[in-house]
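Chains as they are written, first to last, in this note's numbering: chain A, 64 to 531; chain B, 698 to 887. Glycine included, every Cβ here is placed at the ideal spot set by N, Cα and C.
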């Protein structure tokens, strides 16, 4: 029986299999941010412990930081300051706001080449699954676990089950990685991946650039899966080559040899296999209050009575009340007040190019306030070199500094109660983008087209230039 | 961590599926750097509704939460588990849980019990304030038996510190580190 990519990474990181504990897994890279680390550092302090491997740890500021000239509120500023103090006291490298290297933790890891095939990567953030796009085993942890990794560089973990999610076929023009993963979550449900590590495979995945692969792995947690992985290939290697943290010269060649051994064997067995044909997939739009509540953009708001399961029916009714939507309303007739292009799901340079290609030479609808927030200081620089900032600003978008921004409403970028937003982020939970705000999850292309039209748009009908 | 053997207490019923951690403790409270006091923010937005389940007079003082499937999905914020525990809950019973929430809860000594949906429904039928005993030694909730990873069970029963347990394997960790060169060095970055 062959091995999966997951099997290989898992087995290569087993430190011990104690009788009185879950298997102990070594952590190659620990990413840290301001929101989930303060109590972990405090725990170390109380126990008189240090950070075991600071050189395998990197901190940045992303959740709380304002993306314009407004100051951070008092609590946020105190939390950012606590991270600065903790990193200094414990010898952890920090890419602080304004350093020119900061950004959303899941954007900068791959950007620096820190996230590499075959590694184990953790962070106190559920979207750590993003780094699985490089062929790493990467998952989100809680603050107690952050403290555990800081102190021991290991984590006791039960071996998860494996799922293979095969995207077959070729998506139509205008249908993106975001639509593939939203479609998959709609299909398997928000708990469909619970207890699994999902390996995304199939031709449609192989053809995706790294940014699209990261979008897919990023949302694994929205299907309940702690981690998603994609086997490394030439696309992965080309992406990594020359990045600051990647080995050079003969070391690079040796790394390539190791990485080429990682992909799953053809006869590897998975606990579950799901196939999704993307040939007929449409751009997806969420209508409810969890990421499994999605429909095609040319569809309608569903009727709760269509759900057989009583708790799904309840949830749909509650969601429609919260979202102020009527069953049967065509998605394309839904008008939005705000558009947010950003987040660890969709704020890489490729995402911004995709949105800019839709926006170029057009104007944002007068009712709509639209925001573009690059995922990192590096993405912002790159976009400005390419003139994308001008494209967005000329069209009427606000162009901001890097941060999590309106994805989670922990900084000044929030929705007002009742505002409706087309968002490229990952969660449409009640109040996620601001209390009373109504979130519709979409791809960057759909978000951009929606900003122009003021209502959702089927981007397959636009003369879209294929995005390189 | 306090050992957990058994508890008898009153229940609160929150019959909703897919309750995410953004609802359990909204983002504006994640800026605090303390670990205590999160109970005041539990279900902050929902709790403004006088008809919210936990505002029912009979739910007051409940120590066991009965709820729907996939409880605690979404964000990894351990603040959600802290808030439930600080509010007074020792046990959460549901048909299933978000993975990270479940592991966060067990780390801080709050027991999460997964039971088949029909058994959770039967317990819910007794309503807010009904008395229930959860026995971790016997692995029972009222009349029902539940499963828990034996390692987690023992850790809870004995109130063991996870980091302390791991550090007993110092020799193995050091041997692993010696045999496996670091993959990256964040201090060498520009």
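I need the DSSP call for residue i, collapsed to helix, strand or coil.
| i | result |
| --- | --- |
| residue 203 of chain A | strand |
| residue 525 of chain A | coil |
| residue 99 of chain A | coil |
| residue 720 of chain B | helix |
| residue 892 of chain B | Residue 892 of chain B cannot be examined here, being either before or after the span of chain B that is shown, 698 to 887. |
| residue 158 of chain A | strand |
| residue 275 of chain A | helix |
| residue 347 of chain A | strand |
| residue 320 of chain A | helix |
| residue 877 of chain B | coil |
| residue 410 of chain A | coil |
| residue 734 of chain B | coil |
| residue 227 of chain A | strand |
| residue 106 of chain A | helix |
| residue 530 of chain A | Low confidence applies here, because residue 530 of chain A scores a pLDDT of 47, under 50, leaving its location unreliable; read the following figure in that light. In the structure shown, residue 530 of chain A sits in coil (DSSP, three-state: anything other than H, G, I, E or B). |
| residue 818 of chain B | helix |
| residue 764 of chain B | strand |
Exposed or buried, residue i, counting other C-beta atoms within 10 Å across all chains shown (16 or more means buried)?
| i | result |
| --- | --- |
| residue 336 of chain A | exposed |
| residue 863 of chain B | buried |
| residue 849 of chain B | buried |
| residue 877 of chain B | exposed |
| residue 292 of chain A | buried |
| residue 530 of chain A | For residue 530 of chain A, the pLDDT reaches just 47, beneath the cut-off of 50, and the residue's location in the model is therefore unreliable, although a value from the coordinates is still provided. Buried, since its Cβ has 16 or more Cβ neighbours within 10 Å. |
| residue 479 of chain A | exposed |
| residue 289 of chain A | buried |
| residue 109 of chain A | exposed |
| residue 154 of chain A | exposed |
| residue 699 of chain B | exposed |
| residue 414 of chain A | buried |
| residue 392 of chain A | exposed |
| residue 317 of chain A | exposed |
| residue 345 of chain A | buried |
| residue 82 of chain A | exposed |
Closest to residue i by C-alpha separation, out of the options, would be which residue?
| i | options | result |
| --- | --- | --- |
| residue 823 of chain B | B/701, B/743, B/755 | B/755 |
| residue 460 of chain A | A/433, A/65, A/162 | A/433 |
| residue 825 of chain B | B/885, B/732, B/711 | B/711 |
| residue 118 of chain A | A/91, A/255, A/108, A/143 | A/91 |
| residue 738 of chain B | B/833, B/780, B/882 | B/780 |
| residue 514 of chain A | A/429, A/211, A/471 | A/429 |
| residue 205 of chain A | B/819, B/879, B/803 | B/803 |
| residue 474 of chain A | A/129, A/67, A/87 | A/129 |
| residue 65 of chain A | A/394, A/332, A/352, A/457 | A/332 |
| residue 97 of chain A | A/75, A/70, A/134, A/186 | A/186 |
| residue 343 of chain A | A/353, A/360, A/395 | A/360 |
| residue 757 of chain B | B/871, B/856, B/719, B/827 | B/827 |
| residue 812 of chain B | B/883, B/847, B/715, B/841 | B/841 |
| residue 215 of chain A | B/851, B/831, B/868 | B/868 |
| residue 450 of chain A | A/422, A/466, A/338 | A/422 |
| residue 472 of chain A | A/491, A/454, A/497 | A/497 |
Answer yes or no: do residue i and residue j have a C-beta to C-beta separation smaller than 7 Å?
| i | j | result |
| --- | --- | --- |
| residue 194 of chain A | residue 407 of chain A | no |
| residue 476 of chain A | residue 468 of chain A | yes |
| residue 702 of chain B | residue 834 of chain B | yes |
| residue 272 of chain A | residue 404 of chain A | no |
| residue 783 of chain B | residue 735 of chain B | yes |
| residue 89 of chain A | residue 873 of chain B | yes |
| residue 178 of chain A | residue 184 of chain A | yes |
| residue 523 of chain A | residue 237 of chain A | yes |
| residue 400 of chain A | residue 482 of chain A | yes |
| residue 722 of chain B | residue 761 of chain B | no |
| residue 348 of chain A | residue 114 of chain A | no |
Return the Cβ separation of residue i and residue j in integer angstroms, given the expectation that the two are a contact with Cβ distance under 8 Å.
| i | j | result |
| --- | --- | --- |
| residue 200 of chain A | residue 72 of chain A | 4 Å |
| residue 189 of chain A | residue 773 of chain B | 4 Å |
| residue 525 of chain A | residue 510 of chain A | Not confirmed; about 13 Å, so no contact. |
| residue 120 of chain A | residue 76 of chain A | Their Cβ separation, rounded to whole angstroms, is 17 Å, which puts residue 120 of chain A and residue 76 of chain A out of contact at 8 Å. |
| residue 730 of chain B | residue 102 of chain A | 7 Å |
| residue 227 of chain A | residue 266 of chain A | That pair is no contact at about 14 Å. |
| residue 355 of chain A | residue 244 of chain A | Contact doesn't hold; Cβ gap of about 11 Å is too wide. |
Going along chain C, which residues have a C-beta under 7 Å from residue i?
| i | result |
| --- | --- |
| residue 887 of chain B | The structure shown contains no chain C; the protein chains it does contain are A and B. |
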